[in-house]
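Reading through the C-alpha cells given below for one structure.
Structure representation (C-alpha cells):
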C-alpha cells in the first residue's frame, strides 16, 4: 500500500450566511447559519451545511450583538442622550396618544 502526504481537501469551515429572528417570538430567538466547507490553502469552497444549534458562548455573543444594534438604532432615532435597557423614550402626540 502506498502512502501519501496528501492534505485534506476540506480543512476549514467559514460562516457565510446568518439569519436572526428576534421579533416573531420574543421568548425564543431563532439563529440559523450556513457554513461553507473550505480548503484554507486555496480558499476554494467545497460545499456547505446549515446549522441551527449553538453553544452558550455563541448565544451570549449574539445577545451582545443585538444589544449593540439596538444601541445604534436608539442613537439614530433619539440622539446621543438615548439609553437602552429600559423603555423606549415616548412622546405624546397632539391628540394625547403616546407615540414615537
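Numbering (this note's numbering), first residue to last: 183 to 282.
Just so it is clear, CB atoms sit at the ideal spot from N, CA and C, and this is done for glycine as well.
Within 9 Å, strictly: CB atoms of residue i and residue j
i, j, result
"residue 197", "residue 248", "no"
"residue 213", "residue 201", "yes"
"residue 189", "residue 229", "no"
Identified DSSP bridge partners for residue i
i, result
"residue 243", "None, per the DSSP bridge assignment."
"residue 194", "220"
"residue 231", "217"
"residue 258", "Residue 258 is not bridged to any residue."
"residue 199", "216"
Inter-residue spacing [alpha-carbon to alpha-carbon] between residue i and residue j
i, j, result
"residue 216", "residue 195", "10 Å"
"residue 220", "residue 240", "21 Å"
"residue 263", "residue 210", "30 Å"
"residue 260", "residue 191", "51 Å"
"residue 238", "residue 258", "30 Å"
Cβ shell of residue i (< 6 Å), same chain only, five flanking positions each side left out
i, result
"residue 232", "216"
"residue 234", "214"
"residue 218", "196, 198, 227, 230"
Cβ shell of residue i (< 7 Å), same chain only, five flanking positions each side left out
i, result
"residue 245", "none"
"residue 236", "213"
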